[in-house]
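Heads up: the sequence shown runs through residues 39 to 152, numbered per the numbering used here.
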Amino acid sequence: SSSSSSSSIRGGNVNRNCIALQYMDAIDEMTEPTTGQLREAYRDVSDHNIHVVWETTILLWMRRLPWYGRLAPPGFEEELKKTLMEYIKTKPWAERKQVAETVGVNAAVFRCRD
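1. By the three-class DSSP mapping on this structure, what secondary structure does Leu69 have?
2. To the nearest angstrom, how far is the alpha carbon of Met62 from that of Trp131?
3. Is it buried or exposed for Asp82, if we count other Cβ within 10 angstroms and need 16 for buried?
4. Helix, strand or coil: which one does DSSP assign to Leu103?
5. In terms of residues, what are the limits of the alpha helix (DSSP H) holding Leu118?
6. Provide the residue(s) that pair with Leu76 in DSSP beta bridges, ordered along the chain.
7. Using 8 Å as the cut-off, can you tell me whether the segment 90-107 makes contact with the segment 60-80, which would need three or more C-beta pairs spanning the two stretches below that distance?
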């Protein structure tokens, strides 16, 4: 028999005090609604890179999940801008500028919401 703090599910025990996982995505915020293409704030400076720009992506999640944003140390957003600029310096051959270069990381995320 199982204890009062767990229940049997398909032969295994699940603690009733566990926090359930929830799937979330940021497709609506990160893509253009009419084309489905990645918005400029999240797009790398090179067409050869398949990864999104993590600095703007992290900031998006910090805005969507306030508890996550509260975990960031003071000055974190400014540090994101610095790391993005350092990364861009390593790509002098890039096909385009990253929008955050001109408007800042924070503004790039908010610009894409409109």
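We put the beta carbon where it would ideally sit given N, CA and C, even for glycine.
Computed from a predicted structure; not experimentally measured.
This is what the structure gives:
1. The residue labelled residue 69 in the question sits at position 31 within the sequence shown. The sequence given here places Thr at residue 69; Leu does not occur at that position. Note: Thr69 maps to strand in three-state DSSP.
2. The count along the sequence shown starts at 1 and reaches residue 62 at position 24. The count along the sequence shown starts at 1 and reaches residue 131 at position 93. Cα-Cα distance, rounded: 35 Å.
3. Within the sequence shown, residue 82 is the residue found at index 44, counting from 1. Looking at its Cβ environment, which holds 16 or more other Cβ atoms inside 10 Å, Asp82 is buried.
4. The residue you call residue 103 lines up with position 65 of the sequence shown. Correct three-state label for Leu103: coil.
5. Residue mapping note: residue 118 aligns to position 80 of the sequence shown, counting from 1. Element bounds for Leu118: 114-127.
6. As a first step, residue 76 is located in the sequence shown; it is residue number 38 there, counting from the start. Paired residue(s): Thr69.
7. yes
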